[in-house]
Amino acid sequence: MKEELACSIKDLGLIDYQEAWQLQQELVKEAIRYETNFVILCEHPKVLTIGRLADGSNLKVDEEAINGQGISLIKIDRGGDITLHAPGQLIVYPILHLSPLGKNLKSYLNKLEQVVIDLLMGFDIVATRLPGKTGVWLGSRKIASIGIGVRKWVSYHGIGININTDLSLFEMIRPCGLDVKMTSLAEIQKARIDMDDIKKRVISSLTRNLNLSIKD
Amino acid sequence: MEHDIQLPELGEGIQTAVMAGWHYTIGEKVATGDDIAEVVTDKAVFNIPVEVSGTLCAIRAHEGEEVKVGEVIAVVKT
Numbered sequence: 062m063k064e065e066l067a068c069s070i071k072d073l074g075l076i077d078y079q080e081a082w083q084l085q086q087e088l089v090k091e092a093i094r095y096e097t098n099f100v101i102l103c104e105h106p107k108v109l110t111i112g113r114l115a116d117g118s119n120l121k122v123d124e125e126a127i128n129g130q131g132i133s134l135i136k137i138d139r140g141g142d143i144t145l146h147a148p149g150q151l152i153v154y155p156i157l158h159l160s161p162l163g164k165n166l167k168s169y170l171n172k173l174e175q176v177v178i179d180l181l182m183g184f185d186i187v188a189t190r191l192p193g194k195t196g197v198w199l200g201s202r203k204i205a206s207i208g209i210g211v212r213k214w215v216s217y218h219g220i221g222i223n224i225n226t227d228l229s230l231f232e233m234i235r236p237c238g239l240d241v242k243m244t245s246l247a248e249i250q251k252a253r254i255d256m257d258d259i260k261k262r263v264i265s266s267l268t269r270n271l272n273l274s275i276k277d
Numbered sequence: 022m023e024h025d026i027q028l029p030e031l032g033e034g035i036q037t038a039v040m041a042g043w044h045y046t047i048g049e050k051v052a053t054g055d056d057i058a059e060v061v062t063d064k065a066v067f068n069i070p071v072e073v074s075g076t077l078c079a080i081r082a083h084e085g086e087e088v089k090v091g092e093v094i095a096v097v098k099t
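Protein sequence lines, in the order shown, are assigned to chains B and P.
Per this note's numbering: the first sequence = residues 62 to 277.
Per this note's numbering: the second sequence = residues 22 to 99.
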């Protein structure tokens, strides 16, 4: 039987992107030093983040317009292109030792996709992967974006799942460098979704797909 | 003794990555488990750990270059 990863959940609520990034880096160090694992759950105020392979043309408005709306623009240390975070989008940052999961980035990305696919299955929604386009999709609409970092085979960054996100904000960018429409669970269900319920379901899906055992 | 440092297997379907930067310069000491350099794939930033301790004596892949899994990116002298 595969080794279970003992894991602490840190629910940070609504937290500034940079503050959460600082905490992620501290927890990565702690995970490496003490062989521990964490999952951060949070939401961020409106922010655009730009990954290491970003193409500048994927930002469709100028920086002044963004600042005018009170949105920050941050270059960050993850794979992927540009993405948007905003309240109503559940952020999941698993800080996990990948060795027990097989030291396989592709397999880890697949497991993160499966976490979201299983979450949506709980609402009788059949979501899929699209070949070559990491993320979780409902037809041609994308509901979750994924980008990770790995240090000493410990993961950081993770998943953004649109739950109650204001989807009009995505009009400023080509999300992940793609001409794609984003969707949210609220848009599909035509109702606002209880985020606390979603967090419980996400923890359950993470536990199953990544073989976690949750510590109090 | 010289040890080649290669881009490790990152998972099936990932054959190449782009060199994003080095955490050490030639002549610096590295220790087993240290992340020596950073590469980027389309969805991941990956820091490459070394499996020997010694002195970094050659860098074979430079920032912005595409490297293949198994390709020698550096040499460490023990």
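Note that beta-carbon positions come from the ideal geometry of N, C-alpha and C, so glycine has one too.
Around R235(B), the same chain offers N119 as residues with beta carbons nearer than 6 angstroms, after the five sequence neighbours per side are excluded. If you compare the alpha carbons of F99(B), I93(B) and G131(B) with that of L109(B), the shortest gap goes to G131(B). Annotation for M256(B): the continuous alpha helix (DSSP H) segment containing it runs M256 to L271. Relative to K261(B), the option among C103(B), E65(B) and A81(B) whose CA is nearest is C103(B). Judged by DSSP in its simplified three-state form, I93(B) adopts helix.
Beyond the five residues adjoining it in sequence on each side, G42(P) comes within less than 8 angstroms, by CB distance, of A58, E59 and E84 in the same chain, given in chain order. Collapsing the DSSP output to three states places N119(B) in a helix. Inter-segment contact for the segment 200-207 of chain B and the segment 89-101 of chain B is absent: fewer than three beta-carbon pairs are separated by less than 8 angstroms. Counting along the chain, V176(B) sits inside no beta strand (DSSP E); it lies in the alpha helix (DSSP H) bounded by residues L166 to M182.
Across the set I35(P), V71(P) and V61(P), the C-alpha of V71(P) shows the shortest separation from the C-alpha of K98(P). Proximity of K64(P) to chain B, defined by a Cβ-Cβ separation below 9 angstroms, is satisfied.
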